[in-house]
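Novice: Protein chains in written order, with numbering that gives the first Met the number 0: chain A, 0 to 204; chain B, 0 to 204.
The beta carbon of each residue, even a glycine, is placed where N, CA and C say it ideally should be.
Note that the coordinates shown come from a computational prediction; the quantities given were computed from them, not determined experimentally.
Number of protein chains: 2
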Amino acid sequence: MTAAPKRDRLAERREATRAEILNAAWEIARAGGLAAVTLREVAARVGMQPPSLYSHFASKNAIYDGMFGQAWADYLLVCRQSVASVPKPPRKALLYMVQTFVDFALVDPVRFQLMNQRMVIDFEPSAAAYAPSVQVMTLFRDQLARIGVSADGDADLCVAIVGGLVDAQLANEPGGQRWTAQLPRAMDMFADEVGLPAPRLRRRR
Amino acid sequence: MTAAPKRDRLAERREATRAEILNAAWEIARAGGLAAVTLREVAARVGMQPPSLYSHFASKNAIYDGMFGQAWADYLLVCRQSVASVPKPPRKALLYMVQTFVDFALVDPVRFQLMNQRMVIDFEPSAAAYAPSVQVMTLFRDQLARIGVSADGDADLCVAIVGGLVDAQLANEPGGQRWTAQLPRAMDMFADEVGLPAPRLRRRR
DNA sequence: GTCTATACTGTGATAGAC
DNA sequence: GTCTATCACAGTATAGAC
């Protein structure tokens with residue numbers, strides 16, 4: 000009989016503390032914006048002295064980095080769970096995928112800021128934290144290819160359009176839907192461009 | 000004989016000092032990013048002690064605000080100067096206008112950051128600084144209407160597409176043109192959507 | 001390994017003298 | 001208007017207790 004898989008209680012506890020710190024940071028960010036995240040405030044919430052955080056994160060930006068990785072990992076999970084329920088018709092599939100992203104973005108604007116804008120002036124994501132976002136893009140390209148959209152630059156253009164709409168919405172009218180309501184129209188436009196079959200979901204004006 | 004227009008030398012000098020401060024801030028930002036702009040560095044460049052800056056700007060964000068207004072005012076000027084040279088054919092006109100914006104954005108990424116992203120975490124533009132950007136949008140809508148694009152949301156969609164492409168370019172590959180090279184294609188796509196006449200400038204794939 | 005205590009540096013901002 | 005002096009707060013480094 001082989002030895003039972005050894006639980007590394009130390010590593011578990013360490014990981015739990017890291018998660019606790021990140022959760023506190025998310026709370027603060029959601030309540031007062033990313034700028035409100037200070038080491039002192041985070042430390043106070045987890046019951047530590049500020050310098051103690053350095054036992055778990057090398058710097059404040061390392062905390063942002065952890066949040067960045069978490070956010071993209073969460074979205075990767077959402078994507079994978081939604082793969083099964085993507086509709087078959089190409090245009091419906093396209094709209095479903097980008098709508099999933101937009102919903103994810105709008106439900107937590109601060110998270111979207113961290114994921115997609117370079118909101119925190121001196122923060123550059125590490126390779127490790129960047130990995131899940133690359134996986135998301137790969138998955139998206141695969142799904143696009145499955146409905147026949149695989150030309151160079153097609154995915155780039157699609158992502159730029161969706162990102163542009165969400166950015167404009169959050170920057171100019173947070174909470175509204177003046178821009179995001181144009182998502183179906185924009186995706187029909189894109190579908191026409193890349194030559195997707197099937198009728199338009201919405202008539203042209 | 001009427002009195003000569005009274006030159007307010009004091010106001011002139013005051014305005015000159017403000018401009019000097021903003022110029023110093025632009026220099027620093029271009030060299031080291033917006034985060035590098037500190038009151039001490041600005042003061043050093045204009046030969047002042049840091050607190051003296053408060054005689055001219057109420058806060059550091061007020062300096063960002065001044066830069067924001069300057070940037071949009073500059074672009075408004077570029078737009079007005081280019082109005083005369085916009086080509087007649089609708090699709091060419093459209094591409095010319097957005098290309099003007101993209102060129103303006105790419106030539107100074109830091110300026111674009113300040114203008115279009117909420118890069119500085121706690122900065123919200125004042126009404127005064129916001130005014131020229133509103134004028135730019137009004138001018139853009141007018142020019143769109145002149146080529147027959149006037150439906151609600153058309154300008155919004157166009158701006159979102161262009162902004163999305165520039166954002167993606169600067170965020171993922173500053174200095175490259177993987178995304179911005181798709182501008183003609185994207186504008187043809189948009190032109191098809193809004194029913195602009197004339198042949199596509201580029202063939203579909 | 002983990003946390004505390006203390007301290008250093010740099011930041012934006014204020015008060016008051018000249 | 002500009003200066004000097006000073007403040008409160010930030011992120012961070014280090015030493016040492018457990």
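Between Val36(A) and Ala18(A), which are expected to be in contact by the criterion C-beta below 8 Å, what is the C-beta distance as a whole number of angstroms?
Specialist: Not quite, the Cβ-Cβ distance comes to about 16 Å (not below 8 Å), so this is no contact.
Novice: On the criterion of 16 or more Cβ atoms from any shown chain inside 10 Å, does Arg79(B) qualify as buried, or is it exposed?
Specialist: When all chains shown are included, Arg79(B) counts as exposed.
Novice: To be precise: take each residue of the segment 132-164 of chain A, compare its Cβ to all Cβ atoms of chain B, and keep it if any distance is under 8 Å. Which residues remain?
Specialist: Within the segment 132-164 of chain A, the qualifying residues are Ala150, Gly152, Asp155, Leu156, Val158, Ala159, Ile160, Val161, Gly162, Gly163, Leu164.
Novice: Cβ closer than 8 Å: which chain B residues qualify as neighbours of Phe189(A)?
Specialist: Within 8 Å Cβ-Cβ: Met188.
Novice: Does DSSP classify Gln80(B) as helix, strand or coil?
Specialist: Helix, per DSSP.
Novice: If contact means a Cβ-Cβ distance below 8 Å, which residues of the segment 76-109 of chain A contact chain B?
Specialist: Within the segment 76-109 of chain A, no residue has a Cβ that lies closer than 8 Å to any Cβ of chain B.
Novice: Buried or exposed: Tyr74(B), going by 16 or more other Cβ atoms within 10 Å of its Cβ?
Specialist: Per the 10 Å Cβ criterion, buried.
Novice: From Ser125(B), Phe111(B), Val106(B), Phe189(B), pick the residue whose C-alpha is nearest to that of Asn60(B); which is it?
Specialist: Measuring from the Cα of Asn60(B), the nearest candidate turns out to be Ser125(B).
Novice: I'd like the list of long-range same chain contacts for Ala72(B), defined as Cβ closer than 8 Å, with 5 residues on each side in sequence excluded.
Specialist: Here the set comprises Pro131.
Novice: Quick check for students: name the residue ranges of the alpha helix (DSSP H) that lie wholly in the segment 82-111 of chain B, counting only runs of 4 or more.
Specialist: Taking only runs of at least 4 residues, the alpha helix (DSSP H) segments lying wholly in the segment 82-111 of chain B are 89-105.
Novice: Within a Cβ cutoff of 6 Å, which residues of the same chain sit near Phe122(A), ignoring the five residues on either side of it in sequence?
Specialist: So the list reads Asn60, Tyr63, once near-sequence residues are dropped.
Novice: Give a yes or no on whether the minimum CB-CB distance between Arg204(A) and chain B is below 8 Å.
Specialist: Confidence is the limiting factor: at Arg204(A) the pLDDT is only 48, short of 50, which leaves the residue's position unreliable, though a coordinate-based value still follows. Answer yes: the Cβ-Cβ gap between Arg204(A) and chain B drops below 8 Å somewhere.
Novice: When you compare the CB of Asp64(B) with every CB in chain A, is at least one pair closer than 8 Å?
Specialist: No, Asp64(B) does not count as interfacial toward chain A.
Novice: For Gln181(B), does the three-state DSSP call read helix, strand or coil?
Specialist: Here Gln181(B) sits in helix by DSSP.
Novice: Report the residue from Thr137(B), Met96(B), Ala190(B) whose alpha carbon sits nearest the alpha carbon of Val148(B).
Specialist: The option with the nearest alpha carbon to Val148(B) is Ala190(B).
Novice: Mind checking whether Leu195(B) and Ile146(B) have CB atoms under 8 Å apart?
Specialist: Contact flag set, yes.
Novice: Suppose the cutoff is 6 Å on Cβ atoms and the five residues either side in sequence are ignored; what does the same chain contact list for Leu138(B) look like?
Specialist: Excluding sequence neighbours, Leu138(B) sits near Cys78.
Novice: Pick out the complete beta strand (DSSP E) segments inside the segment 5-67 of chain B, 3 residues or longer, and give them in chain order.
Specialist: For the segment 5-67 of chain B, not a single whole beta strand (DSSP E) run of length 3 or above is found.
Novice: Alpha carbon to alpha carbon, how far is Ala30(B) from Pro108(B)?
Specialist: Their Cα atoms are separated by approximately 11 Å.
Novice: Please classify Pro131(A): does DSSP put it in a helix, a strand, or coil?
Specialist: Here Pro131(A) sits in helix by DSSP.
Novice: How about Glu192(B): is its C-beta nearer than 8 Å to some C-beta of chain A?
Specialist: Closer than 8 Å to some Cβ of chain A, the Cβ of Glu192(B) qualifies, so yes.
Novice: Of all Cβ atoms in chain A, is any one closer than 8 Å to the Cβ of Trp178(B)?
Specialist: With 8 Å as the cut-off, Trp178(B) counts as an interface residue toward chain A.
Novice: Are the beta-carbon atoms belonging to Val193(A) and Thr179(A) less than 8 Å from one another?
Specialist: Not closer than 8 Å, so no.
Novice: Kindly indicate if chain B contains any beta-carbon less than 8 Å away from that of Arg117(A).
Specialist: Output row for Arg117(A): interface = yes.
Novice: Given a limit of 8 Å on CB to CB distance, which residues of the segment 30-48 of chain B reach chain A?
Specialist: If the cut-off is 8 Å between Cβ atoms, the segment 30-48 of chain B has Gly32, Leu33, Ala34 near chain A.
Novice: Just to make sure I have the definition right: I need the residues of chain B whose C-beta is within less than 8 Å of the C-beta of Ala167(A). Which are they?
Specialist: Within chain B, the residues near Ala167(A) are Asp155, Val158, Ala159, Gly162.
Novice: Given this structure, state the Cα-to-Cα distance separating Pro88(A) from Thr99(A), to the nearest angstrom.
Specialist: Each residue's Cα considered, the two are about 16 Å apart.
Novice: Between Gln69(A), Gln48(A), Val135(A), Leu113(A), which lies nearest to Val82(A) when the distance is taken from Cα to Cα?
Specialist: For Val82(A), the nearest C-alpha among the options comes from Val135(A).
Novice: Quick one: which chain B residues come within Cβ less than 7 Å of Ala170(A)?
Specialist: Correct list: Arg117.
Novice: Looking at C-alpha atoms only, which residue of Pro49(B), Val41(B), Phe67(B), Phe111(B) is the closest neighbour of Ala128(B)?
Specialist: Among Pro49(B), Val41(B), Phe67(B), Phe111(B), the Cα nearest to that of Ala128(B) belongs to Phe67(B).
Novice: On a Cα-Cα basis, can you pick out the residue from Gln168(B), Ser54(B), Val41(B), Lys91(B) that is closest to Ala197(B)?
Specialist: Measuring from the Cα of Ala197(B), the nearest candidate turns out to be Lys91(B).
Novice: Could you check how far apart the C-beta atoms of Ile27(A) and Glu40(A) are, in whole angstroms? I think they sit under 8 Å.
Specialist: Confirmed, about 5 Å.
Novice: What would DSSP say about Gln116(A), mapped onto helix, strand or coil?
Specialist: In this structure, Gln116(A) counts as coil in the three-state DSSP scheme.
Novice: Measuring only between beta-carbons, confirm whether Ala128(B) sits less than 8 Å from chain A.
Specialist: Chain A contact via Cβ: absent.
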